[in-house]
Amino acid sequence: MLISYEWLGDFVDLEGVTPQTAADVLTRLGIEIESLTMVDLSQIVIGKVLEQVKHPKSRADLWVHQVDLGERTEQIIAGAPNAVPGSLVPVALPGTTVPNGKLVKDMNIAGYQARGMLCSAAELLLGEDHSGILILDRGHPGEPLTTVIPSHAVMQAEITSNRPDEVGHLGIARELEAGLDRPMKRDFMPAFTGTASPPGRELVDVSIDEPELCSRYIGGVIKGVRVGPSPDWMQRRLRACGVRPINNIVDITNYVLLEYAQPLHAFDLAKLRGPEIRVRRARAGERILALDGIDRELTAEMLVIADSDRPVAIAGVIGGEETAVSDQTIDILLESANFNGPSVRQTARALGLRTEASARFERALPPELALAGARRAASLIAEIAGGIVHRDWADVYPRPQQPVRIDMRPGLIDDVLGTHVPLEEAESILKRLNFHVKADGGGNWDVLPPVFRLDVTIPEDLVEEVGRVYGYDRVPPTLPGRRHEKWTPAAPSIDRRVDSARDVLTGAGFTETWNPALVSGRQLETLHISAHAMRVSNALSDDMDSLRTSILPSLVDVVALNRDRGRVDVRVFEVAKVFLVDVGEKDAQPEEPMRLAAVATAGASPDEGRVAFYALKAVLDGCIAGLSAPATVYDRASAQLFHPGRCAAVVLEGRQLGYVGELHPTVSASAKVEGRLVGFEIDLEPVLAAARAPHAQPLPRFPAVERDLAVVVEEHVAAGALLAVIKESGSDQLEHVRAFDEYRGAQVPDGYKSVAFTLTFRSPERTLTDAEVDKAMSEIKLGLEKRHGARFRE
Amino acid sequence: MSDPSAITSQALSAIGATQSPEQLDRIEIEYLGRKSGQISKLLDGIGKLAPEHRAALGKAANEAKQAIQEALDAKRRELESARLADLAETEAIDVTFPGPPLAQGHIHVLTQVQRQIETVLESLGYQVELGPEVETEWYNFEALNIGPGHPARENWDSFYFSPHLLLRAHTSPVQIRAMQRIKEPPIYIITPGRCYRRDAPEATRLPYFSQVEGLAVDKGLTVGDMKGTLLYMIQSLYGRERKVRVRPSYFPFTEPSFEFDVTCGICNGVGCKACRHKGWLEVGGCGMVHPQVLRNGGIDPAQWNGYAWGFGIERMAMLKHDVDDIRLFYESDLRFLEQF
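As given, the protein sequences belong to chains E and C, one line each in that order.
The opening residue of the first sequence carries number 702 in the working numbering; numbering runs sequentially from there.
The opening residue of the second sequence carries number 3 in the working numbering; numbering runs sequentially from there.
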């Protein structure tokens, strides 16, 4: 909200308090001043236009003015045509910096001297209007502009949602009063100024059908107003706060809104049928032409203000055009009401129409504010528009505001803050904030918050009130001491335990990525991995409407993006959750397994794909080893996203973790990635569950014997199966076996392949003899022959 | 047959003229070789000699062998030291030529920053606690005092799957789950994790982001303890000269509530363009846990109290590494990720 510094001065004495000081005090109190704009008009002078001619040479539309500046006349060129001869205008002479930051210089425009600038309201930060020169209604040529418009400052304030009372200048001024310890100049509740008969409540019939949605409705009758422009000072303040002046009546309602935070509405009493005001729900199909010129259809969820036969306003949101105040209006009904916050918010959202009024009602205003706002507006209307205020207004108040009393142990303040605040100081702070404090017999305080503070209900709220005025800067920083016999031993999180796998991957040239979990549901469908996907019901866009069920597509997209940006070789990984919900149980929380996935690019040929596959498998083995888990085994498998002939299930102690393989050509093609991709994706939790701290083994005391074995088998026999047989038929002395080559060609018949293994034998007790190793080898060979019809190459 | 002294002088002059270790090896074989070396040959016929001659020849031959061996060793040392003395010239390489590129991947900058935060808070005894990202409305809102119709709810505009299931808007639900699980304080936890809000992507915010929240529940905790914890954290991450201030604010789940700011690292709090002349940068929110929130977590507020704080990991990374667009973290452009 925009706060005018000068306006605050109406309520609290700001003598000697600069706008910057006020901003700092407010920020410390919890009203964050996001920016402070100083509007210094002291360098701007008033000029009177003597002559205006179109620039004869310039191709742009420019006007050349002769401007009387009191003691001299200057030639000034402007782009707007509205400074006709006789106009009083603000002039910035060369060397002046205009409030919007522009430095004015001597210019020569197509042969014509320009010695200064005629200013628009926007350039002087007096409003939004930059379409023309600001025309002044009074002033003398040559005098500073500040003789008619004072310099001022505007603060952009961030008001937290618990403080509806601060969304007006009066509320802000009250904070300054407490923060600066200065007296307020004005009471919260203005005096009632209505005296005319007959009583207002006899002139209009007010009723509330929905007391839950409207706790109070005040309808004040003011007759004989003269509608016209509002006075300069009021227009200026409205503009400073970003509100466009319309006419004196509407301006006064807006002015009081900005002052008291109470939204008001003025109806043309003559146009209200009945005259009657009924606060009721809209009927299905009812329509209203609103003040913004848009005709809207209403629903039964919406609260309206109706006269005897139609809605005349959408409660708390916007008034209707047909009953609005116009130039012809003479008698008005002033509405000051209290509407239910959630209901107003719902209506404003449904209509896509958030107004100054609805924004305030949404925060739940205190009903007592309605009376204060109505009284303030009535006296302004009487003063400015010459209205006659009738006595005894209609004030239907079915749900009166209940005062809240808080029983508080004063020691709580020190206990919570962690510093000593003298009791007298705490009490004085609460009193400055308009709280009534009474000590009861037992040393506790009985505290009554002011009527405009519905947010204060528990003792902790009072601690906050004292703390923010006392100043949190005065609370010394400490660290909590521990005096317990109970604690939780330190344990690294799952994510942290995966760091050793991250190290393996980065060592192998893979870079970690964090990709959004929200992905395109359509993409999941195209890839056939949407069965367990959860779909967001209020997505921002189609490409973020579902939770991913696999990390691999994100990584494929990362490859595509980096290829687009000129990178050929891409190796990336991610550690993240995927989201899998049981089919048919879409309203349940999903499984959120933590996964590790990696993708690497490879060349386009089958052979390059094969080489990349084995290289990636080695990286995966390294990750598993890095996580201190037992080695995984691999079974040929087929899985979504993977190449049908180049995919293995990753199995750890009989449990399948996921897959490694070349990605299916359609997966890379759908991301427009050329060449082949290899990747894996595994569940991490079972790996971490299987992890064991390594137990140290005694170092071998006797040498090992290595033997190579080339096994010729039919193409379909997998190396993994041969390895299993070797391990099975090898003696205890077979320490290690590793496949290191696959060969086809000379000496190997068609349809066969030769797989070479290195076997390591060792005994913990003695140096093995050749004869012992030969014997072990022949048993292994026998096993391979029997199980897979293997032959052996020398 | 030559005599030992002739052989010796012949060998010594050959050694003296030699310039390479290989040549020395050949000379060694020629003179001292076990079978066909000159000294061995000299002794070949020794058996036929008279015993007195035999002794004399043996002695002379041994002396010759020793002299030659010594000369060889001396020459070898001389050549080796000459070789070492010349290394600067003989084996010089262009040391300015770069090494071959190392295929080193990078840990994501957000992982790095998260680890730094975790490490600092673990040193104060906080434990990392994780929780589900798809949450129930109760954990995400109600348990945190944000009932239906609460005006603050719009600050956490969320993605819904059904009226009661949504993507968590903050990691605060983990605080409730932790209180329920641990049951009996003291509780000192931090909750890093991904969160989601319905904000259109722009340079300063994204619909998905990551938070770290901290929660302490114990006896007699104070605003001062909270300030000290934040100050310790910030100074550990950004340096001793940084200051922290807490500014009153409002959250439904804390009372009192605060925003916490850190002095701008560029101007040291004086005010500059980077901090919009405020001298302070907003980092996150914090406060004393609302008694109702403790109750919702199954903790008796008459016995225990607590403080909590939270901030975006991206925000911390942006401050630390001068990143000006939050989208870079999730775009996965390697040219960005490889900078860290």
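By construction, the Cβ of each residue, glycine as well, lies at the ideal position given by its N, Cα and C atoms.
Quiz prompt | Neighbour-count burial assignment, T206(C), 16 or more Cβ in a 10 Å radius | solution = exposed
Quiz prompt | G1021(E), buried or exposed, once every other Cβ within 10 Å from all chains shown has been counted against 16 | solution = buried
Practice problem: Take S862(E) as the anchor and find which of S174(C), G151(C) and L223(C) has the nearest alpha-carbon. | Solution: G151(C)
Quiz prompt | Beta-bridge partners of A310(C), as assigned by DSSP | solution = L217(C) and G289(C)
Quiz item: In whole angstroms, what separates the C-alpha of R927(E) from that of E1166(E)?
Solution: 45 Å
Quiz item: When the cut-off is 8 Å and only beta carbons count, does N1145(E) lie next to chain C?
Solution: no
Self-check item: Selected residue, minimal CA-CA separation from L104(C), among G1208(E), M885(E) and E1292(E)
Solution: G1208(E)
Quiz item: Where do the N-terminal and C-terminal ends of the beta strand (DSSP E) with S1455(E) fall, by residue?
Solution: Y1453 to F1462
Quiz item: For chain C, is any of its Cβ atoms less than 8 Å away from the one on T1189(E)?
Solution: yes
Quiz item: What residue range is occupied by the uninterrupted beta strand (DSSP E) comprising E775(E)?
Solution: T774 to A779
Exercise. Go to F253(C), then tell me how far its beta strand (DSSP E) extends in each direction, as first and last residue.
Key: Run containing F253(C): none; DSSP gives neither H nor E here.
Practice problem: Just the chain C side, please: which residues come within less than 9 Å of A1192(E) by C-beta, in chain order? | Solution: Q129 and V130
Practice problem: Write down the C-beta distance between L1035(E) and I923(E) rounded to the nearest angstrom, noting that I regard them as a contact closer than 8 Å. | Solution: 6 Å
Quiz item: CB-CB under 8 Å to E340(C), same chain, minus the five flanking residues each way: which ones, in chain order?
Solution: H108
Quiz item: If you run the structure through DSSP and keep just helix, strand and coil, what is M3(C)?
Solution: Bear in mind that the predicted position of M3(C) carries a pLDDT of just 47, short of 50, making it too unreliable to give a figure here.
Quiz prompt | Near-chain C residues of the stretch 1366-1381 of chain E (beta-carbon distance less than 7 Å), N- to C-terminal order | solution = none
Quiz item: If we call anything under 8 Å between Cβ atoms a contact, is V792(E) one with L819(E)?
Solution: yes
Quiz item: Any Cβ of chain A within less than 8 Å of the Cβ of K755(E)?
Solution: No chain A is present in this structure, whose protein chains are E and C.
Practice problem: Report yes if the CB atom of A1078(E) is closer than 8 Å to the CB atom of T1158(E), and no otherwise. | Solution: no
Quiz item: Would you say D1008(E) and G986(E) are within 8 Å of each other, going by their C-beta atoms?
Solution: no
Exercise. Over the uninterrupted beta strand (DSSP E) stretch that includes E1443(E), give me the two end residues.
Key: L1435 to Y1444
Self-check item: Span separating the alpha-carbon of E1057(E) from that of F893(E)
Solution: 26 Å
Self-check item: Beta-carbon proximity list for R78(C), same chain, < 7 Å, skipping 5 on both sides
Solution: P23 and L26
Exercise. For T265(C), I'd like the list of residues in its chain whose CB is within less than 7 Å of its CB, leaving aside the five on either flank, ordered along the chain.
Key: R244, K245, G271, G281 and W282
Quiz item: Can you round the beta-carbon distance between V1045(E) and F1062(E) to whole angstroms, since I take them to be within the 8 Å contact cut?
Solution: 4 Å
Practice problem: Evaluate the contact criterion for the stretch 735-750 of chain E versus the stretch 831-846 of chain E: three or more CB pairs, one atom per stretch, below 8 Å. | Solution: yes
Quiz item: Run through DSSP, which three-state label would N157(C) get?
Solution: helix
Self-check item: Spatial neighbours of C274(C) in its chain, beta-carbon cut-off 7 Å, leaving aside the 5 residues before and after
Solution: C266 and I268
Quiz item: Is the number of C-beta pairs between the stretch 712-731 of chain E and the stretch 861-878 of chain E that are closer than 8 Å three or more?
Solution: yes
Exercise. Would you please verify whether the beta carbon of Y1173(E) is less than 8 Å from any beta carbon of chain C?
Key: yes
Quiz item: If V130(C) and P194(C) are in contact, beta carbons under 8 Å, what's the gap, nearest whole angstrom?
Solution: 7 Å
Practice problem: Could I get the ranges of all uninterrupted alpha helix (DSSP H) runs contained in the stretch 53-108 of chain C, with 4 residues as the minimum, in chain order? | Solution: 53-92
Practice problem: Would you tell me roughly how many angstroms separate the C-alpha atoms of T173(C) and L877(E), rounded to the nearest one? | Solution: 35 Å
Quiz item: Under a three-way DSSP split, which group does H1137(E) fall into?
Solution: strand
Quiz item: What number of angstroms, rounded off, separates the C-alpha of G127(C) from the C-alpha of D1471(E)?
Solution: 59 Å
Self-check item: Interface residues of chain C facing D1244(E) [CB-CB closer than 9 Å]
Solution: Those do not exist, as D1244(E) stays about 11 Å from chain C at its closest Cβ, beyond 9 Å.
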